[in-house]
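First the structure, in the form of structure tokens, and then the observations on it.
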Amino acid sequence: TLEDALTKAKSIEEKLFVGEQNKIDSAKEKLVSAINEVKVKADYSELNKAILDAKEQLKNENYTDESRETLSGVIGDAEKLDKDLSIEETEKITEKINAIKNAVKELMLKSADYSKLDKAILEAKAIDSKIYTNASLEALETALQNAESINRNLFITEQNTVDQLTDALNNAVSGLKVRADYVKYND
């Protein structure tokens, strides 16, 4: 080891005879060899940070399961990287960092859920318009048009827009007023 070679070199007497030069040369050779064998460890701090940041992203359930699974796999692969790499092998660490960054960029948001809105649209269209006032039907028609014209490519982060239209349509249905001249006949 370097420490052993250094200790041995320091132990050589200062006042040697010319014929003892081989002791100095041998110690020098062992010291140079030990220095050349010193392995400077690679820095993993950026990789560790990338792994922690990516794990935080995995907690976000707004991303699709598939894209989260891909990121999880990339994180697992990075965590398996040899922790005893030398500074000359830093490119292996950089590759893992880049793979994590790319997997994070590839995270896909889930689509918004339109199921409640679609149900409300069907219920609104099934209403018998003959029994309700024109004013309440106009409010329903406006809410129905708004609901049907919604962008069907919204992400889950925009779910509030879908929910607001669903609520507006349901409120318009609840707000329907029966016509005063409507008479319901029982068979």
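Here the sequence shown is numbered in our numbering, starting from 16 and rising by one per residue. Ideal placement from N, C-alpha and C gives every residue a C-beta, glycine not left out.
Look at the Cβ atom of residue i, then the Cβ atom of residue j, and state whether they are nearer than 7 Å.
i, j, result
"L86", "Y147", "no"
"E173", "A114", "no"
"L124", "N168", "no"
"I27", "A42", "yes"
"L122", "S60", "no"
"A139", "L159", "yes"
"A187", "A154", "yes"
So, is residue i buried or exposed, given that buried needs 16 or more other C-beta atoms within 10 angstroms?
i, result
"T22", "exposed"
"Y197", "exposed"
"L137", "exposed"
"L67", "exposed"
"R194", "exposed"
Using CA coordinates, which residue listed in the options is at the minimum distance from residue i?
i, options, result
"I102", "L152, K56, F170", "K56"
"N63", "D92, E44, V47, Q36", "D92"
"K95", "K140, K116, I108", "I108"
"N175", "A150, E18, K131", "K131"
For residue i, which beta-bridge partners are listed by DSSP?
i, result
"L124", "Y78"
"V193", "Y147"
"K56", "S101"
Tell me the residue span of the alpha helix (DSSP H) that contains residue i.
i, result
"K98", "Premise fails: K98 is in no alpha helix (DSSP H) and is neither H nor E."
"V177", "174 to 189"
"D40", "36 to 52"
"S130", "130 to 140"
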